[in-house]
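Enquirer:
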Amino acid sequence: MKNICVCGAGTMGSGIAQVSAAAGFNTVLFDVAEAAVQKAEEKLRGDLAALVGKGKLTEEKKDAILSKLQFTADTTQCKADVIIEAIVEKPEIKIALFNQLADINSPQTIFASNTSSLSISALAKEIKNPERFAGLHFFNPAPVMKLVEVVKGERTSAETMQRLLELTKAFGKMPVVCKDSPGFVVNRVARPYYIEALRLVEEGKADYATVDRLLEGLGFKMGPFKLMDLIGNDVNYAVSCSVYEQLNKPERLKPSYLQKEKVEASHLGKKSGKGYYDYSLIG
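If you're matching positions, the sequence shown starts at 3 in the numbering used here and goes up one per residue.
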């Protein structure tokens, strides 16, 4: 495996592309929106320059990473040994992309979804070569977080799983094989962390900052509201809804109206400048 294509130039897609290029793979970062591609390239260049400025990356390594990256809005450039999808959490859009790219790639190409909660087996039923499809769930920020959930669908072949495990290790990550279930492991376990924090605020028992301060004081690296802002409130709400629906709507996992309000107001967190916190004030 030498060539990787990452589809989706948002926070996760850009981060995964950086990881891939840093590991020495020829990497294409694709998005249907030219503006998103340009924004991703500018941000990635800026992030790498900042690392150089902090002494965490050499100028030579920065140049080596950039030399491995190609940014495009042209689907004909999306030819690779492994294609990693990190687009919007809508199954019909993911399926359409996989099938479109299957037509221009080798039958040996492996397709992987970075979905946070959608069923890998359900997606596989609608795409070509389902035995060469699996979940590859990175965590934000992808260049920093070591963990990757590698999710086996009902029709995923042993060879596909082995190749993805090898790739993940080559990325310098820690792969953990997970069964296909709503939210996989991490997002299933994490739901109460967010939901109960949101309930406390809904009930007027505490405010965002107090909840975060207390949980960080207990040893959590980041409080639930800071973490939701980092992940993106649109992404977190979509995962909450997906897990809730797939588990037959248990009351304990019912998404909060506060999440819905943030998404409808486009207060998506750090990426939009405002979420539960106002980042124009924080800096």
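Glycine included, C-beta positions come from ideal geometry on N, C-alpha and C.
1) Taking Cβ positions, are Leu125 and Ile86 nearer each other than 9 Å?
2) Val8 and Ala88 - do their beta-carbons sit closer together than 9 Å?
3) Secondary structure at Ala38, three-state DSSP: helix, strand or coil?
4) Could you tell me whether the segment 176-187 touches the segment 114-125, where touching means 3 or more Cβ pairs closer than 8 Å?
5) Buried or exposed: Ala211, going by 16 or more other Cβ atoms within 10 Å of its Cβ?
6) Look up Val188 in the DSSP assignment and say whether it is helix, strand or coil.
7) Could you tell me which residues DSSP puts in a beta bridge with Met176?
8) Apply the 10 Å Cβ neighbour rule to Gly206 and answer buried if 16 or more other Cβ atoms are within range, or exposed otherwise.
9) Leaving out five residues before and five after Pro177 in sequence, what residues of the same chain have Cβ atoms less than 6 Å from its Cβ?
10) Along the chain, where does the beta strand (DSSP E) that runs through Ile85 open and close?
11) Between which two residues does the beta strand (DSSP E) harbouring Gly137 extend?
12) Closer than 7 Å by C-beta to Glu94: which residues in its own chain qualify, once you throw out the five before and the five after it? Chain order, please.
13) Buried or exposed for Ser282, please, with buried defined as at least 16 other CB atoms from any protein chain shown within 10 angstroms of its CB.
14) I'd like the span of the beta strand (DSSP E) that includes Cys7, first residue to last.
15) To the nearest angstrom, how far is the alpha carbon of Arg201 from that of Phe140?
Expert: Once the coordinates are examined:
1) no
2) yes
3) helix
4) yes
5) exposed
6) helix
7) Leu149
8) exposed
9) Val150, Val152, Leu167, Thr170
10) 84-87
11) 135-140
12) none
13) exposed
14) 5-9
15) 27 Å
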